[in-house]
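Worksheet for the structure shown next.
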Amino acid sequence: SQKIEQNSEALNIQEGKTATLTCNYTNYSPAYLQWYRQDPGRGPVFLLLIRENEKEKRKERLKVTFDTTLKQSLFHITASQPADSATYLCALDRGGSYIPTFGRGTSLIVHP
Amino acid sequence: DAGVTQSPTHLIKTRGQHVTLRCSPISGHKSVSWYQQVLGQGPQFIFQYYEKEERGRGNFPDRFSARQFPNYSSELNVNALLLGDSALYLCASSNIWSFQETQYFGPGTRLLVL
């Protein structure tokens, strides 16, 4: 079965810096990879989707890269703000059959 | 427009009991997925329904079942509750049956099994 690794330790950064979160996966290469934000006690909120044939995707201050050779996706938040503090989850799916797999998430803490 | 709604918000049950959780998708969405999220872990996929048919099933025992109604709302049923079933149960809706479609999650139902 597919396994996803996200840093279990919280990432602490200063306001204004770029936060970089990592999502590594094993086994099959996913057709789609999604990133979500989750605040305590709330449901995840979709941020970005990247397809297997895409190297990079951007949305405002967010950027996602997808390296199928390294089996890794990187999620960047530029000019980070304290309001960006949350847990960020990556999720992927093989495509063809709907059985998505989520990572455990990485907590991001942005200090003012 | 209202987002995905789930009921109840919180629930306390004892081992061996049965529970029914409900989800109403965003208006116009025909796909509903259910996830279990244990504290400190990511959501784990349970079921996906599209147009009232099961389209995906995760690695959960037969004690877990679900259905989707003609109005696209959905129920998740769990029988013979175990302590390990304590978790946040999330429902997500999307327009079509595809992981490349944006999923919109509800606030979840927090289930505690004593």
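Going down the list, the sequences are from chains A and B. Residue numbers for the first sequence follow my numbering, beginning at 1 and rising by one. Residue numbers for the second sequence follow my numbering, beginning at 1 and rising by one. Cβ atoms here follow ideal geometry from the backbone N, Cα and C, with glycine treated the same way.
- Here the alpha carbons of lysine 63 (chain A) and arginine 42 (chain A) stand approximately 23 angstroms from one another.
- Taken in chain order, the complete beta strand (DSSP E) segments of 3 residues or longer contained in the region 27-51 of chain B are 31-37, 44-50.
- Secondary structure of aspartate 85 (chain B) (DSSP, three-state): helix.
- Counting C-beta pairs closer than 8 angstroms gives three or more between the region 45-54 of chain B and the region 70-90 of chain B, which meets the contact rule.
- Bridge partners of aspartate 93 (chain A) according to DSSP: A:Tyr32.
- Phenylalanine 69 (chain B) is classed as exposed because its beta carbon has fewer than 16 other beta carbons within 10 Å across all chains shown.
- Boundaries of the beta strand (DSSP E) harbouring histidine 111 (chain A): 106-111, taken from the DSSP string.
- Within chain B, the C-beta atoms nearer than 7 angstroms to that of proline 100 (chain A) come from Phe45, Phe99, in chain order.
- Close CB contacts of tyrosine 28 (chain A) within its chain, under the 7 angstroms cut and outside five residues either way in sequence, are with Gln2, Arg94 (chain order).
- For lysine 57 (chain A), the enclosing beta strand (DSSP E) begins and ends at 56-59.
- Any Cβ of chain B closer than 8 angstroms to the Cβ of phenylalanine 46 (chain A) would place that residue at the interface, and such an atom is present.
- Counted as a single uninterrupted DSSP element, the beta strand (DSSP E) harbouring tyrosine 25 (chain A) occupies residues 19-25.
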